Amino acid sequence: MRSSLGKDGICGVVAAVEARGMQKQLQQALRLTRTVELRLDWLRDDRQVARFLAWLRRFKFPAGMALLATCRRIEAGGKFAGGVVDQLAILRLAIECGCSWADVEIESAQRLRAGGLRRLLGPGGRMVSYHNFVRTPRKLETRVKRLEQAGGTVVKVATQCNTIADSLRVLKLASRKVRVIAVPMGEAGLPARILALRAGSALAYAPVENATAPGQVSLEEMKRVYRAGELNARTRVYGVIGNPVGHSLSPRMQNAAFVARGMNAVFLPFLVRELRDFLGAIRPLGIAGFSVTIPYKRLILRFLDDCDPLAAEIGAVNTVIVHGGKIHGYNTDYVGVLRALERRIALSGSRVLIFGAGGAARAAAFALARSGCSVCICARRPARAKALARKVGGEAILRARLRRENFDVIVNATPAGMYPRADESPLEAGELNCRLVFDIIYRPLKTKLMQLAVRRGIETVSGLEMFLGQGMAQFELWTGKRAPEAVMRRAVLNALKK
Ligand code: NAP
Numbered sequence: 006m007r008s009s010l011g012k013d014g015i016c017g018v019v020a021a022v023e024a025r026g027m028q029k030q031l032q033q034a035l036r037l038t039r040t041v042e043l044r045l046d047w048l049r050d051d052r053q054v055a056r057f058l059a060w061l062r063r064f065k066f067p068a069g070m071a072l073l074a075t076c077r078r079i080e081a082g083g084k085f086a087g088g089v090v091d092q093l094a095i096l097r098l099a100i101e102c103g104c105s106w107a108d109v110e111i112e113s114a115q116r117l118r119a120g121g122l123r124r125l126l127g128p129g130g131r132m133v134s135y136h137n138f139v140r141t142p143r144k145l146e147t148r149v150k151r152l153e154q155a156g157g158t159v160v161k162v163a164t165q166c167n168t169i170a171d172s173l174r175v176l177k178l179a180s181r182k183v184r185v186i187a188v189p190m191g192e193a194g195l196p197a198r199i200l201a202l203r204a205g206s207a208l209a210y211a212p213v214e215n216a217t218a219p220g221q222v223s224l225e226e227m228k229r230v231y232r233a234g235e236l237n238a239r240t241r242v243y244g245v246i247g248n249p250v251g252h253s254l255s256p257r258m259q260n261a262a263f264v265a266r267g268m269n270a271v272f273l274p275f276l277v278r279e280l281r282d283f284l285g286a287i288r289p290l291g292i293a294g295f296s297v298t299i300p301y302k303r304l305i306l307r308f309l310d311d312c313d314p315l316a317a318e319i320g321a322v323n324t325v326i327v328h329g330g331k332i333h334g335y336n337t338d339y340v341g342v343l344r345a346l347e348r349r350i351a352l353s354g355s356r357v358l359i360f361g362a363g364g365a366a367r368a369a370a371f372a373l374a375r376s377g378c379s380v381c382i383c384a385r386r387p388a389r390a391k392a393l394a395r396k397v398g399g400e401a402i403l404r405a406r407l408r409r410e411n412f413d414v415i416v417n418a419t420p421a422g423m424y425p426r427a428d429e430s431p432l433e434a435g436e437l438n439c440r441l442v443f444d445i446i447y448r449p450l451k452t453k454l455m456q457l458a459v460r461r462g463i464e465t466v467s468g469l470e471m472f473l474g475q476g477m478a479q480f481e482l483w484t485g486k487r488a489p490e491a492v493m494r495r496a497v498l499n500a501l502k503k
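Residue numbers (this note's numbering): 6 to 503.
Below is the structure:
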């Protein structure tokens, strides 16, 4: 079925203002896919369009390739300022230059008489598309019918998904018998965008360089990180939920681990604006487990069927396993803290200061107290420090005392010093009276606090070690397999370099 759209389901989107940029991107795209959309409306003027198409006419097409021409008008969310006649003339020329398909938006197609599209586009395949950059309207099925009636042999529905539930409705279109390209747009639609091919969509779009629609992932990510073209009904789906979630390195780390262990599994970032919206997607998407980040680590507890006693005591869950329709909560931040420190220091009997009294501080305090450390808590709100210290049988310390106190380890469990405010330090050099400083932050890898410590001859541990430790423990809980540490570390370090 897919052959005439190229053998790849993943369609690289080429969009540049100059012909030379389009040529460069097309060649880049061909390293990853044989299906490419050319956004001719992005070209600055008629001269650039003519120059690019002249080049295309001479281009030697690799076997099995499908080129789609698009010249979207401003009215339909594109950049082409001309009228329908000019638009169709450009698309016709693109077909004569080697494109096998032309994508015409419904707004243009509806202005033509019956059979007009076929006459004007000649031998090219006709794709008729509907875009809505504001919302996903009701009755999407009716839209699909209208696209078919307008002359599309393949129809495309691209709508802004403001919720995950919206994206499920768009995805459902892909299972229809007619050839539908389902494009859930927006960040909440991103997991569905990645799963669209698995759901039966004829294509999934991914830009080579410039994003042409909201919530896209790059062609490189779509192909190499998420392996969207290889996912099938047996693929186990995992993810991370949070708001925001776009910065999370967990997808890079966990997908690399799945590949290293040869598993048919994928890990997706879910932007969750409402927990119930995500919970409703667990069954339809077949989600087998997920990671929980800000702001849901506490809130998720209310929705669990079952919670690990330690996670319940900490009062935060960062890992969920879905089994037999029930959801079970765990806390692996706890394990992450221990994995980060155990290799560097004998914990039992050590005196540890935790700076901060939030969620990460709680996990650290429970982990360290249970490992036999004498735990001290200092926070900018002393009452919170006192409450946490009481929970773990530790001691609350006022900031003013820090210059006179000695510890084996000082843990920063606040976001102070995190990118982009990397020039800040939660503590001053004179307050670092210890053998080891552990900064829970991993962006940047060497924080200001760690630099102050090194200057005083104190050893340091980066939050990267905790991030890896908690992620490895998650992988092991979900899969029952040993986590590939070196691969996961490399994936995170590579992502941090970008
Ligand atoms: P949280 O629940 O919001 O707690 C943050 C704590 O830091 C609170 O006690 C807060 O005090 C305090 N704080 C914030 N800004 C401060 C400042 N400028 N000076 C002094 N104290 C400050 O956040 P969280 O979930 O614990 O996360 C804390 C940090 O750990 C974040 O940067 C997060 O990215 C990182 N983290 C890393 C890992 C890892 O794997 N490496 C895992 C989890 C978290 P108030 O209560 O007074 O606001």
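Ideal Cβ placement from N, Cα and C applies to all residues, glycine included. Nothing here was measured: the structure is a model prediction, and the numbers come from that model.
Local conformation of residue i per DSSP, three classes
i: Ala401; result: strand
i: Met423; result: coil
i: Pro274; result: strand
i: Gln165; result: strand
i: Tyr301; result: coil
i: Glu42; result: strand
i: Phe57; result: helix
i: Ile186; result: strand
i: Val19; result: strand
i: Ser134; result: strand
i: Ala374; result: helix
i: Glu464; result: strand
i: Arg116; result: coil
i: Ala491; result: helix
i: Lys311; result: Note that residue 311 corresponds to Asp in the displayed sequence, not to Lys. Note: Asp311 maps to strand in three-state DSSP.
i: Val322; result: coil
i: Ala316; result: helix
i: Lys331; result: strand
i: Ser9; result: helix
i: Phe480; result: helix
i: Phe263; result: helix
i: Arg25; result: helix
i: Ile350; result: coil
i: Arg406; result: helix
i: Ser172; result: helix
Check whether residue i and residue j have beta carbons under 9 Å apart
i: Cys166; j: Pro142; result: no
i: Asp171; j: Val133; result: no
i: Tyr135; j: Glu110; result: yes
i: Ala21; j: Glu214; result: yes
i: Gln115; j: Ala155; result: yes
i: Pro212; j: Gly17; result: yes
i: Val325; j: Ile319; result: no
i: Thr399; j: Val380; result: Before going further, note that residue 399 is Gly rather than Thr in the sequence given. The answer is yes: Cβ separation under 9 Å.
i: Val271; j: Arg232; result: yes
i: Phe275; j: Phe295; result: yes
i: Phe64; j: Leu45; result: no
i: Leu122; j: Thr75; result: no
i: Val159; j: Ala209; result: no
i: Val185; j: Val222; result: no
i: Glu410; j: Leu346; result: no
i: Val54; j: Leu48; result: yes
i: Gly157; j: Arg174; result: no
i: Arg344; j: Leu473; result: yes
i: Asp413; j: Ala368; result: no
i: Ile445; j: Met471; result: yes
i: Ser180; j: Ala197; result: no
Cβ distance (whole Å) where residue i is taken to contact residue j below 8 Å
i: Leu202; j: Leu152; result: With 8 Å as the limit, Leu202 and Leu152 do not qualify as a contact, their Cβ atoms being about 20 Å apart.
i: Leu352; j: Cys383; result: Contact flag wrong, Cβ pair sits at about 19 Å.
i: Phe480; j: Ala488; result: 4 Å
i: Ala193; j: Arg278; result: 7 Å
Beta-bridge pairing of residue i - partner residues as DSSP gives them
i: Val111; result: According to the sequence as given, residue 111 is Ile; it is not Val. Bridge partners of Ile111: none, in fact.
i: Ala211; result: Gly17
i: His252; result: DSSP lists no partner for His252.
i: Asp1; result: Residue 1 lies beyond the stretch modelled for the chain, which goes from 6 to 503, so this question has no answer here.
i: Leu122; result: According to DSSP, which records beta bridges pairwise, Leu122 is partnered with nothing at all.
Heavy atom of the ligand NAP within 8 Å of residue i beta-carbon
i: Thr419; result: yes
i: Met471; result: yes
i: Gln475; result: yes
i: Tyr243; result: no
i: Phe295; result: no
i: Tyr447; result: yes
i: Asp428; result: no
i: Pro431; result: yes
i: Lys512; result: With the chain running from 6 to 503 in the structure shown, residue 512 is simply not present.
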